[in-house]
Amino acid sequence: MAWRRLIRHLVSAPAAGAAAADPGAVAAMAERLRSAGMRRLGRSLAILHVAAGSCGGCELELRATGNLIHDLGQYGLSFAASPRHADVLLITGVAGRNMLEAVREARAAMPDPVFVIALGDCAVDGGVFKGAAANIGGADRILPVDLMIPGCPPDPARIIEALLAVLAAHDGV
Amino acid sequence: MKDSKLIAACEYNAPAWANQEGVLIALWTDATHAYALYQPARLVAVALVEGAYPALSPSRPGAAWFERLAHDLRGHVARGGTDARPAIEQFRAADGTAAWPVLPAPDGPGVHQVALGPVHGGVTEPAHFRFSVIGELVVKLEMRLGYSHRGILGLIRGKSARLAARFAARVAGDSTVAHSLAFAQAAEAALGIAPPPRAVQLRAIMAELERCANHAGDCGAIAEAAGFGLGAAGFARQREALCAAAGAAFGHRLMMDAVIPGGVAEDLREGGAEVLKDALDTLTAELPGLRRMMESDAGLADRLNGAGLISPALAVAFGAGGIVGRASGQRADARISPGYAPYTGMEVKVPVTAEGDHAARLLLRLAELEISAGLIRGFLQTLPDGPIALPPPAGSGAGLGVAESCRGPVWVWLTINAGLIEDVFIADPSARLWPLLEIAAAGGDLAEFPLLACSINASPAGVDL
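Those sequence lines, one after another, are chains A and B.
Here this note's numbering is used: the first residue of the first sequence is 1, the next is one more, and so on.
Here this note's numbering is used: the first residue of the second sequence is 1001, the next is one more, and so on.
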């Protein structure tokens, strides 16, 4: 029965051990946030995802952070459906020329302050696609980036660890 | 110059170009010719005259996308074509701006437009959908693609097959194995080499594992789009277990860059076979329960049965392959026809139905999950010893390669000159699914569109190149 499974899931222990942020990354980011005069937003952050020119690999792993094993929600992180409701702009893929305008508009529609995260090698510096005329490189060519999560694609545990650094740093502001 | 058998049989004349029977798979141009590929693997070419060739779209609607793409990529014109709109070209200024595209609504009282994308409300790839609706009823859907255009074909040209494989692996991240495999087989055909038997079988294990992971993911996405959270969670967990097993067995959760021209990049890791077997055992043990759960939920059945219909005639017209084709009566599977090692001579079960609705596509995915799990078990049992790769020689030639992905066949055509790739075309099966989505969405409810999109699951990245 469906409800029995549901109850079992609700009362059983988490499937994986809780992830923890890298203390070095936390300290560095907290310093950056303080120097930027970042205000406290509360303990949970909403993420707007924009794919700027990606193969879809990062999206798969990003989506996997929400499954029962990794359970992104348990840390107070969630994906927002609208830029108006988001605190974090998470960019995947190279800065494709055809997405520059959309990324800038998504950022403009978000209420300040905004954390910008570049996820995956392509968003970090253009990755394998660097140098093609169709793109201009990494996400930092469009907007200032606060956190880079390298990998092609980074696995879900690594993504969560990096996102926790944002939360922890933000807690320390 | 070495040429693969498929290329050697290519007909180069105008009458053959115009008078082909069968399902069109792809159309592309190089500097001198236009090429058309038909099922199962018939290649026809015609010389370009002043940058133009006779259009195939008047009799084959599925050709229209490729004619538009050929114009975007090379400026070649399909004479008499039915559709001159750009495919992936967005005519952007240097700073990335462009005028808001005019995608006209049909005339009629009460018609208005709803725009969706390229920034979506979830974790997904970019595409723009313009719905013309009357109330909730979609009267027309027009799409704009190209947002994920990275310039892949240009990056591949001028590189060696091994170097270029990194780009082929990143055409569509979810079918990275299928794309790498099709690319490797095209390069191997062009250079006249055959990968070692162990590599062939390892590739098949990876390809079937990728199929399982994608089908599990798609089943979960369908459940989620239909508002059935329990099913979505159950299948997402299966997908996660398969990706984790792939990571343990092959060193990468998506098995990116694992298949290379000449063989595979890395052997099965120690204990990998056991990890894969365990993951498959868990999958096959839990599948019947998941299937029962999906089949017994009345609300889900109401959303899936008889909805999102794609008729066999429509599937033929657009040459839909994979799950979408096979759920609408099309038997095509590239593993069997034209076939490639190690499937040749094997009995591979390919379930087909003609219902053409969401439920049919879901059930086919469930059936293929089980079949692919069985194939992997067999391949693991009979895995031969020996080398896993041989270095591609610096030869010259032309080659065609194909691999059946979760969406249908991925085709790669390329020419190599003294070890460097001169020209290339990559046809992801999504090129034949997007136009179908436009047609299938019309006449339906706007709120049903996410379910339709998940059920067909065309890849933006695959066609944006």
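Ideal placement from N, C-alpha and C gives every residue a C-beta, glycine not left out.
Taking buried to mean at least 16 other C-beta atoms within 10 Å of its own C-beta, is residue i buried or exposed?
{"i": "B/Glu-1188", "result": "buried"}
{"i": "A/Pro-23", "result": "exposed"}
{"i": "A/Gly-93", "result": "buried"}
{"i": "B/Lys-1140", "result": "buried"}
{"i": "A/Gln-191", "result": "Residue 191 of chain A falls outside the range modelled here, since chain A spans only 1 to 173, and no answer is possible."}
{"i": "A/His-70", "result": "buried"}
{"i": "B/Met-1001", "result": "Interpretation of B/Met-1001 is limited by its pLDDT of 49, a score under 50 that renders its predicted location unreliable; the figure taken from the coordinates is listed afterwards. Answer is exposed; the Cβ neighbour count stays below 16."}
{"i": "B/Gly-1385", "result": "First, the amino acid is wrong: residue 1385 of chain B is Asp here, not Gly. With fewer than 16 Cβ atoms within 10 Å of its Cβ, B/Asp-1385 is classed as exposed."}
{"i": "B/Trp-1065", "result": "buried"}
{"i": "B/Asn-1013", "result": "exposed"}
{"i": "B/Gln-1090", "result": "buried"}
{"i": "B/Arg-1166", "result": "buried"}
{"i": "B/Asn-1214", "result": "buried"}
{"i": "B/Glu-1270", "result": "exposed"}
{"i": "A/Asp-171", "result": "exposed"}
{"i": "B/Ala-1207", "result": "buried"}
{"i": "A/Gly-120", "result": "buried"}
{"i": "B/Pro-1104", "result": "exposed"}
{"i": "B/Glu-1370", "result": "buried"}
{"i": "B/Thr-1124", "result": "buried"}
{"i": "B/Ala-1480", "result": "Summary: the structure shown does not reach residue 1480 of chain B, with chain B confined to residues 1001 through 1465, and so no result is reported for it."}
Show which residues of chain B have a CB atom less than 8 Å away from the CB atom of residue i.
{"i": "A/Asp-155", "result": "Gly-1247, Arg-1253"}
{"i": "A/Gly-76", "result": "Within 8 Å Cβ-Cβ: nothing; A/Gly-76 doesn't reach chain B, min ~18 Å."}
{"i": "A/Ala-106", "result": "Val-1119"}
Between residue i and residue j, how many whole angstroms is the CB-CB distance? I'm expecting something under 8 Å.
{"i": "B/Gly-1122", "j": "A/Ala-81", "result": "7 Å"}
{"i": "B/Ala-1172", "j": "B/Ala-1461", "result": "5 Å"}
{"i": "B/Gly-1022", "j": "B/Gly-1051", "result": "About 27 Å separates the two Cβ atoms, so there is no contact after all."}
{"i": "B/Gly-1397", "j": "B/Gly-1192", "result": "6 Å"}
{"i": "B/Ile-1310", "j": "B/Ala-1164", "result": "Contact doesn't hold; Cβ gap of about 35 Å is too wide."}
{"i": "B/Asp-1174", "j": "A/Leu-60", "result": "6 Å"}
{"i": "A/Leu-62", "j": "A/His-49", "result": "6 Å"}
{"i": "A/Ala-132", "j": "B/Leu-1155", "result": "5 Å"}
{"i": "B/Gly-1229", "j": "B/Ala-1249", "result": "That pair is no contact at about 30 Å."}
{"i": "B/Arg-967", "j": "B/Ser-1459", "result": "Any question about residue 967 of chain B goes unanswered here, given that chain B covers just 1001 to 1465."}
{"i": "A/Gly-96", "j": "A/Ala-139", "result": "Rounded, the Cβ-Cβ distance is 11 Å, inconsistent with contact."}
{"i": "A/Ala-46", "j": "A/His-85", "result": "5 Å"}
{"i": "B/Gly-1339", "j": "B/Ala-1190", "result": "The pair is not a contact, with the Cβ atoms about 19 Å apart (cut-off 8 Å)."}
For residue i, return the contacting residues in chain A, with the cut-off set at a CB-CB distance below 8 Å.
{"i": "B/Gly-1146", "result": "Asn-98"}
{"i": "B/Asp-1174", "result": "Gly-56, Gly-57, Leu-60"}
Residue i touches chain B at which residues, Cβ-Cβ below 9 Å?
{"i": "A/Ile-69", "result": "Ala-1236, Arg-1237, Glu-1240, Ala-1241, Ala-1244"}
{"i": "A/Val-114", "result": "Here the premise fails: no neighbours, minimum Cβ distance about 14 Å."}
{"i": "A/Ala-81", "result": "His-1120, Gly-1121, Gly-1122"}
Which residues does DSSP list as the beta-bridge partners of residue i?
{"i": "B/Arg-1130", "result": "B/Ala-1115, B/Glu-1142"}
{"i": "A/Ile-91", "result": "A/Val-50, A/Ala-118"}
{"i": "B/Arg-1157", "result": "Looking at the DSSP assignment, B/Arg-1157 forms no beta bridge with any residue, so it has no partner."}
{"i": "A/Ala-168", "result": "According to DSSP, which records beta bridges pairwise, A/Ala-168 is partnered with nothing at all."}
{"i": "B/Met-1255", "result": "In the DSSP output, where bridge partners are listed per residue, B/Met-1255 has none listed."}
{"i": "B/Pro-1054", "result": "B/Arg-1079"}
{"i": "B/Pro-1409", "result": "B/Glu-1404"}
{"i": "A/Leu-135", "result": "Looking at the sequence provided, one finds Asn at residue 135 of chain A rather than Leu. Answer is A/Gly-96."}
Taking C-beta pairs closer than 7 Å, name the residues in chain B that residue i reaches, listed in chain order.
{"i": "A/Arg-63", "result": "Val-1123"}
{"i": "A/Val-124", "result": "The contacting residues do not exist; A/Val-124 stays about 15 Å from chain B at best."}
Can you list the residues of chain A that residue i reaches, using a CB-CB cut of under 7 Å?
{"i": "B/Gly-1345", "result": "Neighbours of B/Gly-1345 on chain A: none; closest Cβ ~33 Å, over 7 Å."}
{"i": "B/Cys-1118", "result": "It should be pointed out that residue 1118 of chain B corresponds to Pro in this sequence rather than to Cys. Going along chain A in sequence order, the residues near B/Pro-1118 (Cβ under 7 Å) are Met-99, Ala-102."}
{"i": "B/Met-1206", "result": "Within 7 Å Cβ-Cβ: nothing; B/Met-1206 doesn't reach chain A, min ~15 Å."}
{"i": "B/Arg-1150", "result": "Gly-53, Val-94, Gly-96, Phe-129, Ala-132, Ala-134, Asn-135"}
{"i": "B/Phe-1379", "result": "Under the 7 Å cutoff, chain A gives no residues; its nearest Cβ is about 24 Å from B/Phe-1379."}
{"i": "B/Ala-1461", "result": "Ser-54, Cys-55, Gly-56"}
{"i": "B/Phe-1167", "result": "Val-128"}
{"i": "B/Thr-1097", "result": "Glu-101"}
List the residues of chain A whose Cβ lies closer than 9 Å to the Cβ of residue i, in chain order.
{"i": "B/Val-1171", "result": "Cys-55"}
{"i": "B/Pro-1101", "result": "The contacting residues do not exist; B/Pro-1101 stays about 11 Å from chain A at best."}
{"i": "B/Arg-1154", "result": "The sequence shown places Gly at residue 1154 of chain B, rather than the Arg named in the question. Going along chain A in sequence order, the residues near B/Gly-1154 (Cβ under 9 Å) are Ala-132, Ala-133, Ala-134."}
Stretch-stretch touch, CB-based, cutoff 8 Å, three pairs: the region 1303 to 1310 of chain B with the region 1444 to 1455 of chain B: Touching, yes, given that three or more Cβ pairs across the two stretches are closer than 8 Å.
Inter-stretch contact at 8 Å, needing at least 3 Cβ pairs: the region 1391 to 1402 of chain B / the region 1360 to 1375 of chain B: no
Just checking, does the region 1231 to 1246 of chain B make contact with the region 1277 to 1284 of chain B on the three C-beta pairs under 8 Å criterion? yes
The region 1281 to 1295 of chain B / the region 1429 to 1443 of chain B touching (three or more Cβ pairs under 8 Å): no
Okay, do the region 1017 to 1034 of chain B and the region 1402 to 1420 of chain B touch, 3+ Cβ pairs below 8 Å being the bar? yes
With contact counted as at least three CB pairs below 8 Å, one residue from each stretch, are the region 105 to 125 of chain A and the region 1096 to 1115 of chain B in contact? no
Can you find at least 3 beta carbon pairs, one from the region 1144 to 1157 of chain B and one from the region 48 to 62 of chain A, that sit closer than 8 Å? As far as the Cβ criterion goes, the region 1144 to 1157 of chain B touches the region 48 to 62 of chain A, which means the pair count is three or higher.
Should the region 1063 to 1080 of chain B be regarded as contacting the region 1095 to 1102 of chain B, the criterion being three or more beta carbon pairs within less than 8 Å? no
Cβ contact (3+ pairs, closer than 8 Å) linking the region 1316 to 1334 of chain B and the region 1342 to 1359 of chain B: Contact between the region 1316 to 1334 of chain B and the region 1342 to 1359 of chain B is present, because at least three Cβ pairs lie under 8 Å.
Contact between the region 1392 to 1409 of chain B and the region 1177 to 1185 of chain B (3+ Cβ pairs under 8 Å): Taking 8 Å as the limit for Cβ pairs, the verdict is that the region 1177 to 1185 of chain B does touch the region 1392 to 1409 of chain B.
Can you confirm whether the region 1055 to 1062 of chain B touches the region 1314 to 1323 of chain B when touching is taken to mean that 3 or more C-beta pairs between the two stretches lie within less than 8 Å? yes
Okay, do the region 1335 to 1353 of chain B and the region 1212 to 1229 of chain B touch, 3+ Cβ pairs below 8 Å being the bar? no
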